[in-house]
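Residue numbers (our numbering): -19 to 188.
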Ligand SMILES: C[S@@+](CC[C@H](N)C(=O)[O-])C[C@H]1O[C@@H](n2cnc3c(N)ncnc32)[C@H](O)[C@@H]1O
């Protein structure tokens, strides 16, 4: 069984703990190897499934919230979407821009998006929502709803652990935060990164 196939790798190994203990608070994870914890160098199975099942259909405008190195956006650009990514990490955005010239990358906070209302058809979030403190989740939802057109779609991957430690996110968190949205799918599963599997909730959400 490979490491990616083995769910026991969700728990922290000694090297994982050392990796995170070595990270100064607030440091840019893309300045070190920390990003390898979650980075996936090919489009995620749940994104492919959303396209295969025609829940996401090109063309349209896609915004990735906390886009990291932009892998999912580059894939969607090839499918015919116009793609924009936002992230706080200048290092990630520099690398993403160098790799993917057909994607627009903007340094911004997902809690204060620098876009007009209702300009996107699709939002992606793979691993950003769980960084929001509980008291900021309503603001995250407000910004997501503001920039999405009515009926627009959010493919959310909410991780259940940060640095290997279980957080407070569960199905109820998603239902409460997105109370006005239609929840088309909400499943607890392990999503792959290049180095491990990450326990997460996958949600398909439709904007009111
Ligand atoms: C777990 S990583 C996932 C990155 C990327 N989505 C992926 O799948 O590889 C979370 C990303 O969210 C970004 N992030 C965290 N808080 C953010 C915020 N308030 N606004 C914008 N980006 C944020 C981090 O810089 C990081 O790139």
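Backbone N, C-alpha and C fix where the C-beta goes; we use that ideal spot for every residue, glycine too.
Mind checking which residues open and close the beta strand (DSSP E) that includes residue i?
{"i": "residue 116", "result": "From DSSP, residue 116 is part of no beta strand (DSSP E); its letter is neither H nor E."}
{"i": "residue 67", "result": "62 to 67"}
{"i": "residue 138", "result": "128 to 139"}
{"i": "residue 85", "result": "84 to 87"}
With distance defined between alpha-carbon atoms, name the residue in the options nearest to residue i.
{"i": "residue 18", "options": "181, 153, 167, 143", "result": "143"}
{"i": "residue 90", "options": "75, 77, 125, 79", "result": "125"}
{"i": "residue 44", "options": "27, 173, 35", "result": "27"}
{"i": "residue 40", "options": "29, 24, 57", "result": "57"}
{"i": "residue 156", "options": "11, 117, 145", "result": "117"}
Got a sec: does ligand 1 put a non-hydrogen atom nearer than 7 Å to the Cβ of residue i?
{"i": "residue 80", "result": "no"}
{"i": "residue 144", "result": "no"}
{"i": "residue 32", "result": "no"}
{"i": "residue 67", "result": "yes"}
{"i": "residue 177", "result": "no"}
Just to confirm, is the Cβ distance from residue i to residue j under 8 Å?
{"i": "residue 105", "j": "residue 132", "result": "no"}
{"i": "residue 170", "j": "residue 164", "result": "no"}
{"i": "residue 93", "j": "residue 127", "result": "yes"}
{"i": "residue 59", "j": "residue 31", "result": "yes"}
{"i": "residue 71", "j": "residue 10", "result": "yes"}
Count the other C-beta atoms from every protein chain shown that fall within 10 angstroms of the C-beta of residue i, then say buried if there are 16 or more, exposed otherwise.
{"i": "residue 81", "result": "exposed"}
{"i": "residue 137", "result": "buried"}
{"i": "residue 1", "result": "Legend: pLDDT at residue 1 = 37, less than 50; position of this residue unreliable, value from coordinates given subsequently. Exposed, by the Cβ-count rule."}
{"i": "residue 174", "result": "exposed"}
{"i": "residue 47", "result": "buried"}
{"i": "residue 187", "result": "buried"}
What residue range does the alpha helix (DSSP H) around residue i cover?
{"i": "residue 28", "result": "25 to 32"}
{"i": "residue 149", "result": "Counting along the chain, residue 149 falls outside any alpha helix (DSSP H), and DSSP gives it neither H nor E."}
{"i": "residue 70", "result": "70 to 79"}
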